[in-house]
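Single-structure report; data block below.
Numbering (my numbering), first residue to last: 1436 to 1640.
Written out as structure tokens, the structure reads:
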């Protein structure tokens, strides 16, 4: 893993984000003086009122919030379905953590884990926008058929991308591979091509 970090540095590639928690990785980040975002799925409490669930999810995230602050990294609450993946719950937990001084905590939202929120995308984006650390795009068909699709190939991509542009969001945009049947370069290039075409459609001079 350290060699991967070294090669990124050597070739001028930013180590932008790291999924989950790994103390040895955190130590390497400090050693190499890099500060990637740390992405972590919220805990989904199984019982209690909404307020109790928010408090429980917040408390479970505090140790990581403290650790990421120590190493100078932002902490992104990552939607991955379920209660903890709902935008309103992500925002509530994020606000609760910030209220306790963890201002480096934000939200990482993934289109591919939000198929059941396509119709609410505009409202969800407006709600999450002040807290977004990164937005990961994906081709979006109703019913997640398929769940992972190159950007630009989905039936809802144009309308969702238009909402994104009109929102004024100017933060980081991510694309993910997640297609084991394809070479990573092939799948990522397909999505980059889709992004280029969407930009050309809506950002014509």
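All C-beta atoms in this analysis are idealised placements derived from N, C-alpha and C, irrespective of residue type, glycine included.
> Per DSSP, which one or two residues make a beta bridge with residue 1474?
Replying inline: 1454, 1511
> So, using beta-carbon positions, are residue 1511 and residue 1472 closer together than 9 Å?
Replying inline: yes
> From what residue to what residue does the beta strand (DSSP E) around residue 1609 run?
Replying inline: 1608-1610
>> Residues in the same chain with beta-carbon distance under 6 Å from residue 1552, minus the five sequence neighbours each way, listed in chain order, please.
In response: 1559
>> What does the alpha-carbon distance come out to for the pair residue 1594 and residue 1618?
In response: 29 Å
> Taking C-beta to C-beta, are residue 1583 and residue 1563 nearer than 9 Å?
Replying inline: no
> Is there contact between the stretch 1517-1524 and the stretch 1487-1504, where contact requires at least three CB pairs shorter than 8 Å?
Replying inline: yes
> Does DSSP put residue 1561 in a helix, a strand or coil?
Replying inline: helix
> What does a CB cutoff of less than 6 Å around residue 1591 pick up in its chain, not counting 5 residues either side in sequence?
Replying inline: 1553, 1575
> Looking only at its own chain, which residues have a Cβ that is under 7 Å from the Cβ of residue 1437, when we skip the five neighbours before and after it?
Replying inline: 1463
>> Rounded to the nearest angstrom, what separates residue 1433 and residue 1482 at their Cα positions?
In response: As shown, the chain starts at 1436 and ends at 1640. That puts residue 1433 outside it, with no answer to give.
> At what residue ranges does the stretch 1519-1583 contain a whole run of the beta strand (DSSP E), taking only runs of 3 or more?
Replying inline: 1540-1545, 1567-1572
>> Could you tell me the alpha carbon to alpha carbon distance between residue 1600 and residue 1460, rounded to whole angstroms?
In response: 35 Å
>> With a threshold of 7 Å on Cβ separation, who are the neighbours of residue 1500 within its own chain once the five nearest residues in sequence on each side are excluded?
In response: 1510, 1532, 1537, 1540
>> Tell me whether residue 1601, by its Cβ, gets closer than 8 Å to a heavy atom of the ligand ADP.
In response: Only the bare structure without any ligand can be found here, which leaves the ligand ADP out of the picture.
> Just the Cα atoms here: how many angstroms apart are residue 1476 and residue 1467?
Replying inline: 26 Å
> With residue 1504 and residue 1474 assumed to form a contact (beta carbons below 8 Å), what rounded beta-carbon distance in angstroms separates them?
Replying inline: No, residue 1504 and residue 1474 are not in contact; Cβ-Cβ is about 16 Å, not under 8 Å.
>> Quick check: the Cα distance between residue 1636 and residue 1581, rounded to an integer number of angstroms?
In response: 24 Å
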